[in-house]
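In this note's numbering, each number is its position in the sequence shown, counted from 1, plus 2. C-beta: ideal position from N, C-alpha, C; glycine also. Note that the coordinates shown come from a computational prediction; the quantities given were computed from them, not determined experimentally. Read through the structure below, which is laid out as structure tokens, and then see the notes.
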Amino acid sequence: MSDTGAGSEQGPAGDAEQREETAWMRPAGEPPGVPGPPPPPATGPGHGSPVPGYGPPIAGPPYGPATPAAPFGPYPPPGPQSSGRSRGLVVAVAVLSVLLLVACSGLIGGAFLLGSSPRETAGREPAAPPVAPWRSSGATPTPGATASAEPSARGPQPSDFPAAQISDLNDVCDGVLYFPQSPRRTGAAPHPVALLVGTDLGTGSRRHDQVYYYDEGLSKRVERTWASEDPKTVQMVACLDRTSTGATIRKCRYDDPKPDTLTLLKATYRLRVYEVATGRRLLDKTMGGDDQQCPYVVLYGSDKKIYAEVSHRSLLGALRNLVKR
């Protein structure tokens, strides 16, 4: 009976030894050089039985050695997870901050623009480039040119500088510029005028006529009124341009510098008068070339044609009221 009790007391110890041997038993086919798993924690003296919850040791995996423990010790336990309510609060605060930043930066409109669909963008017509005003001329336009010496669709523009010479007043005749720095046609007469006569059909070039007024006198005062050379004193500019030609009037023979014969033709002219300071048109009159005598001095081209001119008497008659009233 005592033997039986002794056997009963040794039973658990024998089982423990058996479990310990089983825990350290090397699996079949494993090479002898590979270390086994670490032993279970030993029970300290005076602590009694092993710590509950560990359970019996588990044998190594049947398909190879157990993975060695991490050299730096066990991994720390994960921290406590935040609740769903806290996470939602954080997301709401972040979204609100982004919206405030976008609103302060003025980028909300840009965000909506970027959100337009490709189909809508593709259907839109590209904006046409602004069309610069151009001035028509008799010559063929140069590709890429946007302006010329002819009047613009907006009308003549004020000049930033006063006229420096009489030839600058051609811009008033062409409707390109006017000169606000010049004196206006106001106050008592006389009102000084400069006559610019076209030299060729369609070219736009003009010369300052300084002899047409001789029937009015030859004094300096008369000259300053009808043919001043100082553009700063001129109130009006008269522009005389040939607009058409007609039949032959006669042949004119010349001996100097060498004998030559020229053909004198009928012609029609247009006389326009403008106020230099404003570009305002004061007169627009069609006049015939009534001087049909062969001129003493003449300029001509290779076609050997010359044209009847408007007589000085007719020019003075057309301008007299504007100058003397």
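Going by DSSP, His314 is part of no beta strand (DSSP E) but of the alpha helix (DSSP H) stretching over His314 to Lys326. Here DSSP, grouped into helix, strand and coil, assigns Glu277 to strand.
Following the DSSP letters along the chain, one finds Thr227 in no beta strand (DSSP E) but inside the alpha helix (DSSP H) bounded by residues Lys222 to Trp228. Per DSSP, Cys175 is not a residue of any beta strand (DSSP E); the alpha helix (DSSP H) it occupies stretches across Asn172 to Cys175. DSSP places Pro160 in the strand class (E or B) of the three-state scheme. By the 16-neighbour rule on beta-carbons within 10 angstroms, Tyr298 is exposed. Here Pro185 is actually not in contact with Thr227; their C-beta atoms are around 13 Å apart, not less than 8 Å.
Under DSSP, the beta-bridge partners assigned to Val195 are Met238.
Ranked by how close their Cα comes to the Cα of Ala249, the residues Pro194, Ala269, Val199 and Ala240 have Ala269 in first place. Straight-line measurement puts the Cα of Ser221 at about 20 Å from the Cα of Leu324. Ranked by how close their Cα comes to the Cα of Ser207, the residues Cys296, Val174 and Arg252 have Val174 in first place.
Considering only Glu231, Thr188 and Leu273, the residue with the shortest C-alpha distance to Leu317 is Leu273. Nearest to Asp170 by C-alpha distance, out of Arg282, Pro233 and Thr265, is Pro233. Per the coordinates, the alpha-carbon of Gln237 lies some 23 Å from the alpha-carbon of Ser313. Proximity to Gly281 across Arg156, Leu98 and Ser99 peaks at Arg156, based on C-alpha coordinates. Where Tyr309 is concerned, the enclosing beta strand (DSSP E) starts and stops at Lys307 to Tyr309. Secondary-structure assignment with DSSP links Ser246 through a beta bridge to Thr270. In this chain, the beta strand (DSSP E) harbouring Lys287 covers Arg283 to Gly290. A Cβ-Cβ distance of about 11 Å is found for the pair Leu284 and Val278, leaving them out of contact under the 8 Å criterion. Excluding residues up to 5 positions away in sequence, Arg255 lie with their Cβ nearer than 8 Å to the Cβ of Pro261 in the same chain. By the Cβ-count criterion, Ser99 is exposed, with fewer than 16 other Cβ atoms from all chains shown falling within 10 Å of its own Cβ. Its Cα nearest to that of Asp286, the residue Ala240 stands out among Ala240, Ala196, Arg209 and Val195.
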